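Enquirer:
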Amino acid sequence: MLEARLRLERIQKYGPASEKLSDAQLELLEHEPGVSTAEVEAESEREPLPLAARPNQKRRHPGRQQLPAGLPRVEQVVACAAEQCACPACGQPMEVIGYDSSEQLDVEPARYFVRVTKREKRACQNCQQGGVVAAALPARVIGKSLVSDRVVIDTVVAKYSDHLPLYRQSAILEREGLEISRATLDGWVMRVGELLTPMAGVMRHELLSGSYIQADETPVDVQMHDGRGKNQQA
Numbered sequence: 001m002l003e004a005r006l007r008l009e010r011i012q013k014y015g016p017a018s019e020k021l022s023d024a025q026l027e028l029l030e031h032e033p034g035v036s037t038a039e040v041e042a043e044s045e046r047e048p049l050p051l052a053a054r055p056n057q058k059r060r061h062p063g064r065q066q067l068p069a070g071l072p073r074v075e076q077v078v079a080c081a082a083e084q085c086a087c088p089a090c091g092q093p094m095e096v097i098g099y100d101s102s103e104q105l106d107v108e109p110a111r112y113f114v115r116v117t118k119r120e121k122r123a124c125q126n127c128q129q130g131g132v133v134a135a136a137l138p139a140r141v142i143g144k145s146l147v148s149d150r151v152v153i154d155t156v157v158a159k160y161s162d163h164l165p166l167y168r169q170s171a172i173l174e175r176e177g178l179e180i181s182r183a184t185l186d187g188w189v190m191r192v193g194e195l196l197t198p199m200a201g202v203m204r205h206e207l208l209s210g211s212y213i214q215a216d217e218t219p220v221d222v223q224m225h226d227g228r229g230k231n232q233q234a
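In terms of this note's numbering, the sequence shown has 162 at position 162, counting the first letter as 1, and numbering is strictly consecutive.
1. Terminal residues of the continuous alpha helix (DSSP H) containing R182?
2. Using CA coordinates, which residue listed in K58, L173 and E95 is at the minimum distance from P109?
3. Give the range of the alpha helix (DSSP H) segment to which K159 is assigned.
4. Roughly how many angstroms lie between the CA atoms of S18 and L8, to the nearest whole one?
5. In this structure, how does DSSP classify V202 when only helix, strand and coil are distinguished?
6. Work out the CA separation of Q65 and P138 for me, nearest whole Å.
7. Bridge partners of D221, per DSSP?
8. Indicate the three-state DSSP secondary structure (helix, strand or coil) for A82 in the structure shown.
9. Measuring alpha carbon to alpha carbon, tell me which of Q92, V77, D186 and K58 ends up nearest E103.
10. Out of D216, Y99, I180 and V156, point me to the one whose CA is closest to E194's CA.
11. Mind checking who P235 pairs with in its DSSP beta bridge?
12. So what's A171 in DSSP terms, helix, strand or just coil?
13. So, with DSSP's three-state summary, where would you put A123?
14. I need the straight-line Cα distance from V202 to G210, nearest angstrom please.
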């Protein structure tokens with residue numbers, strides 16, 4: 001009975017009001033227990049129930065997005081044109097009484113510069129017997145390198161967080177007038193990897209201390225920098 005009732009409700013809900021059952025369909029219903037032909041015809045010919053009207057709710061506009069308050073503000077004052085500075089009524093100069101302000105998010109392109117590190121050297125000018133001492137050179141990721149730690153770290157972050165290959169980073173630097181080969185960038189990445197080896201060991205120990213380890217071993221297609229041949233899988 002429940003299955004038959006559900007069938008009738010589907011006819012009522014989805015079938016058009018003018019839909020008529022064919023003789024073949026009526027013959028099939030004779031084999032269904034508890035369902036009469038007259039009942040099915042009555043349900044199919046009955047006018048469908050009107051759907052409840054949904055309330056007309058207007059979607060609330062989120063409003064104008066505000067820029068983060070923590071970002072520094074750089075002001076740009078736009079002065080009035082010369083013909084706007086004189087009063088149109090009496091011709092006297094008009095004073096500034098305020099500003100109409102608006103904000104736009106802006107960006108400064110990457111600016112490369114050369115940092116000059118000067119270490120103090122000291123010597124006794126009295127006896128001149130104490131020799132010369134100099135301030136220690138700060139520790140660096142790559143000693144005696146022509147680039148700072150910040151450049152090296154930005155390269156690693158761009159490669160692994162932003163998925164920017166080294167050959168593209170080399171091309172970006174070339175547009176800025178800096179010729180740094182992909183092999184040099186690769187050396188920076190390898191050096192950072194050596195420094196992070198102890199951290200990787202701690203992470204490995206933490207993983208192996210658990211009772212269950214699950215990894216996603218789905219291969220990823222890697223496009224070669226020359227764009228030739230099939231993609232490599234990593």
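No residue lacks a Cβ here, since even glycine has one placed at the ideal position from N, Cα and C.
Bear in mind the structure is a predicted one, so any value in this text is a computation, not a measurement.
Expert: In terms of the structure at hand:
1. For R182, the enclosing alpha helix (DSSP H) has its first and last residue at R182 to L195.
2. From the listed residues K58, L173 and E95, the smallest Cα separation to P109 is found for L173.
3. Residues D149 to Y160.
4. No answer about S18 holds up, because its pLDDT of 48 lies below 50 and its placement is not dependable.
5. If DSSP states are grouped into helix, strand and coil, V202 belongs with the helices.
6. Distance between the alpha carbons of P138 and Q65: 44 Å.
7. DSSP output for D221 lists Q233 as bridge partner(s).
8. Taken through DSSP and simplified to helix, strand or coil, A82 comes out as helix.
9. For the residues Q92, V77, D186 and K58, the minimum Cα distance to E103 belongs to V77.
10. If we check each option's Cα against that of E194, V156 comes out closest.
11. Outside the modelled stretch of the chain, which goes from 1 to 234, sits residue 235, for which no answer is possible.
12. The answer is helix: DSSP assigns A171 an H, G or I state.
13. Residue state, collapsed to three classes: strand.
14. Looking at the two C-alpha atoms, the distance is approximately 13 Å.
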